[in-house]
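Shown next, in structure tokens, is the structure this report addresses.
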Amino acid sequence: MTYSLNSWCARLAPSLSHLAKVQEPFLAAYWQASSYPTHVSFNGKDETPFPKDDMAHLFDLARSASRSVEKEYYKPLREALDPVRGILRSHPTLARALGTGIGNEEFHVRILNGTSLTWLTQIVAGLLERAHEDGDGGFARAANELGSVLDLSSTTLGNDVPNGLDLGYDLMLFHGPEIRNEFEIQGGLIVKPAADLSDYLDREWIRDFVPEEMDRRDWRQIGAVVRPFHWRPAFRRKTDYRDEPPRWPPRFEDDALTFLEFLSVANQTPVIPFMLMHGCLHRSAHGLLGLAHSQGGFQPIRQVGRRHDPFRAPPRLQKSSIDLAKQAYGKRKGEEFERFAPTIHRLSESLARLGRFGANDRILDISQSLELMFRPSGGGISRQLQDGMAELLGVDEKHKDEIRAAIKQVYDVRSAIVHGATDARRKRHLEGRQSAFISGFNLTQQALFKMILSDDGTRD
Numbered sequence: 226m227t228y229s230l231n232s233w234c235a236r237l238a239p240s241l242s243h244l245a246k247v248q249e250p251f252l253a254a255y256w257q258a259s260s261y262p263t264h265v266s267f268n269g270k271d272e273t274p275f276p277k278d279d280m281a282h283l284f285d286l287a288r289s290a291s292r293s294v295e296k297e298y299y300k301p302l303r304e305a306l307d308p309v310r311g312i313l314r315s316h317p318t319l320a321r322a323l324g325t326g327i328g329n330e331e332f333h334v335r336i337l338n339g340t341s342l343t344w345l346t347q348i349v350a351g352l353l354e355r356a357h358e359d360g361d362g363g364f365a366r367a368a369n370e371l372g373s374v375l376d377l378s379s380t381t382l383g384n385d386v387p388n389g390l391d392l393g394y395d396l397m398l399f400h401g402p403e404i405r406n407e408f409e410i411q412g413g414l415i416v417k418p419a420a421d422l423s424d425y426l427d428r429e430w431i432r433d434f435v436p437e438e439m440d441r442r443d444w445r446q447i448g449a450v451v452r453p454f455h456w457r458p459a460f461r462r463k464t465d466y467r468d469e470p471p472r473w474p475p476r477f478e479d480d481a482l483t484f485l486e487f488l489s490v491a492n493q494t495p496v497i498p499f500m501l502m503h504g505c506l507h508r509s510a511h512g513l514l515g516l517a518h519s520q521g522g523f524q525p526i527r528q529v530g531r532r533h534d535p536f537r538a539p540p541r542l543q544k545s546s547i548d549l550a551k552q553a554y555g556k557r558k559g560e561e562f563e564r565f566a567p568t569i570h571r572l573s574e575s576l577a578r579l580g581r582f583g584a585n586d587r588i589l590d591i592s593q594s595l596e597l598m599f600r601p602s603g604g605g606i607s608r609q610l611q612d613g614m615a616e617l618l619g620v621d622e623k624h625k626d627e628i629r630a631a632i633k634q635v636y637d638v639r640s641a642i643v644h645g646a647t648d649a650r651r652k653r654h655l656e657g658r659q660s661a662f663i664s665g666f667n668l669t670q671q672a673l674f675k676m677i678l679s680d681d682g683t684r685d
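So for the sequence shown, my numbering puts the first residue at 226; every next one is plus one.
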């Protein structure tokens with residue numbers, strides 16, 4: 226018989242629908258004999274996970290029944306299950322992976338750099354789980370999605386896989402201002418709200434790196450810089466244990482970190498990268514292939530910890546800040562960027578300072594950033610920075626005097642921090658740390674972006 230995806234799906238969907246109905250009393254009896262799944266609800270909504278594992282185990286029991294009484298009991302379930310298994314076997318990809326061995330149900334699936342063993346009843350349970358999400362119309366959708374994913378392994382051409390199940394993401398998760406809509410950076414990088422990645426991320430993957438109160442239902446302050454990619458599965462027989470060299474994608478984390486630092490400084494809010502993850506695929510792509518949802522690997526960066534306040538409205542991400550960060554990011558390969566990179570890093574770190582000496586460290590970040598930007602020489606550093614900043618940003622003499630006064634305040638506070646509050650005047654300076662940081666950061670941010678976005682990277 227010549228294979229056709231449409232005809233294969235047309236046979237599989239009604240068989241799945243019939244199996245779903247027949248298995249119900251068997252599954253209820255299975256739970257009665259063992260234990261019922263834990264019921265989960267939130268605000269009156271049933272969130273109990275689909276019993277895929279129990280269902281797959283039930284199908285395996287039906288297949289392996291050996292005593293006559295068991296065979297008789299499971300006969301209706303076997304009669305509904307066997308046609309589904311037979312149609313799955315008729316797909317060319319699975320036919321090659323299973324071979325001609327009688328009773329063989331197992332085969333290897335390789336995705337990216339990982340290989341797993343699976344078997345037909347796991348795939349059947351995955352199909353029923355996917356169909357459950359859409360009601361009666363879900364059986365046709367699940368069959369079409371599985372057939373399209375299986376077809377990926379047998380062609381080098383681009384396949385139209387429904388619902389983008391052949392799309393995966395490498396991503397860098399961060400905690401920061403509320404991300405409401407995705408936006409593109411450059412070079413294939415995209416920023417997405419974590420809520421848009423719920424089919425790619427599992428809560429337990431990141432729960433050790435964010436505060437406990439950050440429930441999945443409130444991921445407003447978690448976003449991700451993502452690099453999309455398309456993937457293809459490979460299928461091998463159970464007895465084929467060949468080793469294949471790993472294939473690692475090009476690095477993207479340096480560019481992601483650079484943009485997040487720009488975004489933090491532009492928006493004047495902390496942006497904390499906390500995890501780098503590779504090879505995140507849609508959970509339904511794994512489920513349809515009978516595999517547990519997983520990712521290719523992760524690398525912790527830092528903890529979010531006390532930076533999260535569940536009782537405070539999250540800071541907003543301004544569109545003007547996104548545009549400014551994207552413009553500056555576009556200049557990152559210029560000759561002058563290496564000079565500004567430490568300043569960008571220090572300013573972004575200053576926004577995230579915590580702890581006993583956080584207020585002092587923020588002022589030191591501002592003062593060192595100014596020195597890196599303007600490179601004063603000789604004595605009178607504070608005066609040189611005041612004049613340099615006034616000339617760069619001032620629009621008239623009154624504005625220039627205000628800028629000089631703000632920079633002087635920063636350096637007066639810096640002096641009190643470095644040399645100690647040895648007299649009443651320096652003690653007063655320390656009391657003004659917060660206002661000095663706010664005005665100093667604002668001016669330093671303006672100067673930094675003006676320098677970066679100028680044609681030659683210098684004062685104009």
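Every residue gets a Cβ at the ideal spot worked out from N, C-alpha and C, and that includes glycine.
Local Cβ density within 10 Å of residue i, reported as buried at 16 or more and exposed below that
i: Tyr466; result: exposed
i: Thr464; result: exposed
i: Lys558; result: exposed
i: Gly401; result: buried
i: Trp473; result: exposed
i: Phe582; result: exposed
i: Arg311; result: Correcting the residue type first, residue 311 is Gly in the shown sequence and not Arg. Gly311 should be labelled exposed.
i: Pro475; result: exposed
i: Tyr425; result: buried
i: Ala510; result: buried
i: Pro495; result: buried
i: Leu414; result: buried
i: Asn492; result: buried
Which of helix, strand or coil DSSP assigns to residue i
i: Ile642; result: helix
i: Met439; result: coil
i: Ala449; result: strand
i: His333; result: strand
i: Lys417; result: strand
i: Trp233; result: helix
i: Asp261; result: According to the sequence provided, residue 261 is Tyr. The question's Asp does not apply to it. It is coil, neither helix nor strand.
i: Ser341; result: strand
i: Arg684; result: Since pLDDT at Arg684 reaches only 48, below the 50 mark, its modelled position is unreliable, and no value is offered.
i: Leu398; result: strand
i: Gln524; result: strand
i: Glu272; result: coil
i: Ala459; result: strand
i: Ile410; result: coil
i: Ser291; result: coil
i: Ser423; result: coil
Same chain only: Cβ atoms within 8 Å of residue i, ignoring 5 sequence neighbours per side
i: Leu668; result: Met614, Leu618, Ile628, Ala631, Ile632
i: Phe690; result: Outside the modelled stretch of the chain, which goes from 226 to 685, sits residue 690, for which no answer is possible.
i: Leu610; result: Leu595, Glu596, Phe599, Pro601, Ile632, Tyr636
i: Gln411; result: Lys551, Tyr554, Gly555
Integer-rounded CB distance, given that residue j should sit under 8 Å from residue i
i: Leu230; j: Ser373; result: 7 Å
i: Ala245; j: Leu353; result: 6 Å
i: Asp279; j: Leu252; result: 7 Å
i: Ser573; j: Glu478; result: Their Cβ separation, rounded to whole angstroms, is 15 Å, which puts Ser573 and Glu478 out of contact at 8 Å.
i: Leu398; j: His316; result: Rounded, the Cβ-Cβ distance is 36 Å, inconsistent with contact.
i: Leu241; j: Phe364; result: 5 Å
i: Asn338; j: Pro471; result: 4 Å
i: Gln520; j: Trp430; result: 7 Å
Which listed residue (the options) has its alpha carbon closest to that of residue i
i: Ser546; options: Asp479, Pro567, Phe408; result: Phe408
i: Gln446; options: Phe499, Arg571, Tyr394; result: Phe499
i: Lys277; options: Gly515, Gly401, Asp307; result: Gly515
i: Ser594; options: Ser575, Leu579, Gly604, Gly583; result: Ser575
i: Leu392; options: Lys300, Pro453, Ala661; result: Pro453
i: Cys234; options: Asn369, Ala281, Arg564; result: Asn369
i: Leu501; options: Asp421, Gly521, Asp480, Pro525; result: Pro525
i: Asp395; options: Gly326, Glu563, His503, Ser259; result: His503
i: Asp385; options: His455, Leu426, Arg355; result: His455
i: Gly539; options: Glu403, Gln659, Leu371; result: Here residue 539 turns out to be Pro, not Gly, going by the sequence shown. Minimum Cα distance to Pro539 is reached at Glu403.
i: Pro274; options: Val294, Tyr228, Gly351; result: Gly351
i: Asn388; options: Arg441, Asn406, Ala367; result: Ala367
i: Val349; options: Ser260, Pro308, Asn338, Asp359; result: Pro308
i: Gly448; options: Arg541, Ala356, Asp359, Gly362; result: Arg541
i: Phe674; options: Glu295, Met439, His570, Leu549; result: Leu549
i: Ala238; options: Arg564, His357, Gly326; result: His357
Close beta carbons around residue i, own chain, < 7 Å, minus the five adjacent residues each side
i: Leu589; result: Arg639, Ile642
i: Leu597; result: Pro567, Thr568
i: Leu302; result: Val247, Gln248, Phe251, Ala287
Sequence-distant residues of the same chain with beta carbon closer than 6 Å to residue i, five excluded per side
i: Gly346; result: Here the sequence assigns Thr to residue 346, which means Gly is not the residue at that position. Around Thr346: Ala281, Phe284, Asp285.
i: Ile663; result: none
i: Gly522; result: His503
i: Arg651; result: Ala641
i: Pro418; result: Ile404, Gly448
Proximity test, Cβ basis, 8 Å: residue i and chain C
i: Asn268; result: The structure shown contains no chain C, having only a single protein chain.
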